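Encoded as structure tokens, the structure appears first; notes follow it.
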Amino acid sequence: AELRKAAIAAHQAGDLARAKQLYRLVLAARPADAAIWTNLGALHRREKDYRAAVACQRRAVELDPDSVDFLNNLGNALHDEGLLEEALVVRWRVAELRGHHPDALQHVAATLRHLNRYAEAVVVCDRGLRDDPDHSELRVQRAMALLAMGDYPRGFEDFEARWHGDEISKPPLPDPEWDGSDPAGRTILVMPEQGFGDTVLMARFLPLLAGRGARVLLACKPPLARLFSGLPGVAGLVLAGSPKPPVDAWTSMMSLPRHLGLTRETIPPPARLTVPPDSLRRAEAIVAPHAGRLKVGVLWSGSVTYRANHKRSFSPERFYPLAEIPGVTLFSLYKGPLHEEFLRSGLASVVVDAAGSDRDFADTAALMQKLDLIISMDSAVVHIAGSLGLPVWNLLHHSAYWLYAPWPDHTPWYPSMRLIRQPAVDDWDGVFAVVLRDLRAMAAERRQG
48 AELRKAAIAA HQAGDLARAK QLYRLVLAAR PADAAIWTNL GALHRREKDY
98 RAAVACQRRA VELDPDSVDF LNNLGNALHD EGLLEEALVV RWRVAELRGH
148 HPDALQHVAA TLRHLNRYAE AVVVCDRGLR DDPDHSELRV QRAMALLAMG
198 DYPRGFEDFE ARWHGDEISK PPLPDPEWDG SDPAGRTILV MPEQGFGDTV
248 LMARFLPLLA GRGARVLLAC KPPLARLFSG LPGVAGLVLA GSPKPPVDAW
298 TSMMSLPRHL GLTRETIPPP ARLTVPPDSL RRAEAIVAPH AGRLKVGVLW
348 SGSVTYRANH KRSFSPERFY PLAEIPGVTL FSLYKGPLHE EFLRSGLASV
398 VVDAAGSDRD FADTAALMQK LDLIISMDSA VVHIAGSLGL PVWNLLHHSA
448 YWLYAPWPDH TPWYPSMRLI RQPAVDDWDG VFAVVLRDLR AMAAERRQG
């Protein structure tokens, strides 16, 4: 009993390594302790070892099949591991045991959404919201489903509920938040939200806000500053850490589509980005030795701090077959904590390390302008390539971002972008079969031409 208490205490204190060790000792002596199995599963989930989490939660449910808590934990682990059909069955069971409580229905809706069953997800959210109209997580789930269906007015309306959940909070600014009323003659500070990709995506709305008579200031992180230095309609950038100028109101970038009345028919063209001459000279020096070859930029991972990065990313070794196509040279567009790992790998012998020393996204943009094609997982890089009108193949996991959902292989948000989707959950083999076939054809055509 003392060992059990110590294990739980270590887990609660955040000492996961010690808790794991102690949980295993407890289970060696008491393999029928379902609560310890579920705790160990939760610990593995926190470490993002979803396979182990599923295995532990199965043991807990095997020992106590009617425990709502254990079933809920199993549903969470199955969902994270990508075993979505089974996760849906388990999550419906939890919802039934809990009398269709809104908290349980939000999990059902999330799994339906990840299965691309958006209309069903909306129905489930509607059901939960009848009982609790202010349930922020249900409204966010419904927002994501509606956005994926291309219902931008209702989707962005619901998306305002994101501020009331646990994920994000409003910036601590003293100024009033813009409510969408006539902005003419007012100075409005636009705050970025989620990642760099969303910031590039939403920058297209800034000229529309300026067109309504607002003086627009944009808060901006340094990696995007040079790229955004000439954005039409933006009176000035407010760099992170610098003093905030006086403004009349602020708004979030992700709230602009709602305030500006976006519909599927009125998607504005991508933002006009600035690629500085010194970045272009630097890029030219990198690609010059490879003149005459088909030059392809590749990227396999986005920000590792993004919670779902493991879903959208893949092993860089998948690029080996592309690097072996005659007449093709691959250029790595990766910069970040996995860079050393790439340099240590054999892949760095056949893929040019082009972006490892990039100073910012302007350098990356310049490099992409000197290439013939970009092949990347969904990341800020594809948003920049799409904004610049460059040919880009966006490799999407099965439960892709709402932006890409209503259209099978293209998106009006970025006319130069091709979407190549996983045919089934986690099926990168299917994606790369298409990529290899089409890049071989492109290279052969170029050699003959």
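Numbering-wise, our numbering comes out as the position in the sequence shown, counting from 1, plus 47.
The C-beta atom is built at its ideal place from N, Cα and C for all residues, glycine as well.
All values reported here derive from a predicted model rather than from experimental measurement.
- Pairwise C-beta distances place the stretch 201 to 217 out of contact with the stretch 276 to 296, as fewer than three of them are shorter than 8 Å.
- Comparing C-alpha distances from Ile235 to each of Ser299, Asp213, Leu309 and Gly175 shows the shortest one belongs to Ser299.
- The residue among Val375, Gly436 and Leu418 with its C-alpha nearest the C-alpha of Asp485 is Val375.
- Cβ contact annotation for Leu193 (same chain, cutoff 7 Å, sequence separation greater than five): Val169, Arg201, Gly202 and Asp205, in chain order.
- Annotated as proximal: Leu274 and Phe408, with beta-carbon spacing under 8 Å.
- For Val343, the secondary structure class from DSSP, reduced to helix, strand or coil, is strand.
- Taking every protein chain shown into account, the CB of Trp454 has fewer than 16 other CB atoms within 10 angstroms, so this residue is exposed.
- Listed in chain order, the beta strand (DSSP E) runs fully inside the stretch 352 to 382 are 375 to 379, counting runs of at least 3 residues.
- The straight-line gap separating the alpha-carbon atoms of Asp405 and Lys95 is approximately 30 Å.
- Around the beta-carbon of Glu143, fewer than 16 other beta-carbon atoms lie within 10 Å, marking it exposed.
- Collapsing the DSSP output to three states places Trp225 in coil.
- When the five nearest sequence neighbours on each side are left out, the beta carbons in the same chain lying within less than 6 Å of the beta carbon of Leu220 are those of Trp297, in order along the chain.
- The stretch 120 to 136 makes contact with the stretch 87 to 94; the number of CB pairs closer than 8 Å reaches 3 or more.
- Rounded to the nearest whole angstrom, the C-alpha separation of Gly433 and Pro290 is 32 Å.
- At the C-beta level, Leu443 and Arg468 come within 8 Å of one another.
- Counting every other CB atom within 10 Å of its CB across the protein chains shown gives Leu346 a total of 16 or more, marking it as buried.
- For Asp205, the enclosing alpha helix (DSSP H) stretches over residues Tyr199 to Phe206.
- Counting only residues of its own chain and dropping the five nearest sequence neighbours on each side, Glu133 has a CB closer than 6 Å to the CB of Leu125.
- For Ala266, the pairing in a beta bridge is given by DSSP as Val285.
- About 26 Å separates the beta carbon of Val351 from that of Gln416, a gap too long to meet the 8 Å contact definition.
- Counting the other Cβ atoms within 10 Å of the Cβ of Ser228 gives fewer than 16, which makes it exposed.
- Per DSSP, the beta-bridge partners of Leu420 are Val343.
- Under the three-state reduction of DSSP output, Val237 falls in the strand class.
- DSSP places Arg145 in the coil class of the three-state scheme, outside both helix and strand.
- The beta carbon of Leu159 is closer than 6 Å to those of Glu167 and Ala168 in its chain, skipping five residues each way along the sequence.
- Listed in chain order, the non-local C-beta contacts of Arg487 below 8 Å within the same chain comprise Ile372, local neighbours out to five positions each way being set aside.
- A straight-line Cα-Cα distance of about 16 Å links Val428 and His386.
- The three-state reading of DSSP puts Asp400 in strand, counting E and B together.
- About 5 Å separates the CB atoms of Ala287 and Lys268; that is less than 8 Å, so the two are in contact.
- Nearest C-alpha to Tyr367 among Ala355, Leu176, Arg354 and Ser396: Ser396.
- Between the alpha carbons of His148 and Tyr199 lies a distance of about 27 Å.
- When the alpha-carbon of Phe243 is set against those of Val478, Ala48 and Asp425, the nearest one is in Asp425.
- Within the same chain, and ignoring the five residues on either side of Val101 in sequence, the residues whose Cβ sits closer than 8 Å to its Cβ are Gly88, Leu121, Ala124, Leu125, Glu128 and Leu130.
- For Leu255, the closest alpha carbon among the candidates Met238, Pro230 and Ala157 is that of Pro230.
- Beyond the five residues adjoining it in sequence on each side, Pro315 comes within less than 7 Å, by CB distance, of Arg251, Phe252 and Leu255 in the same chain, given in chain order.
- Scanning the stretch 165 to 193 for uninterrupted alpha helix (DSSP H) segments of 4 residues or longer gives 165 to 178, listed from N- to C-terminal end.
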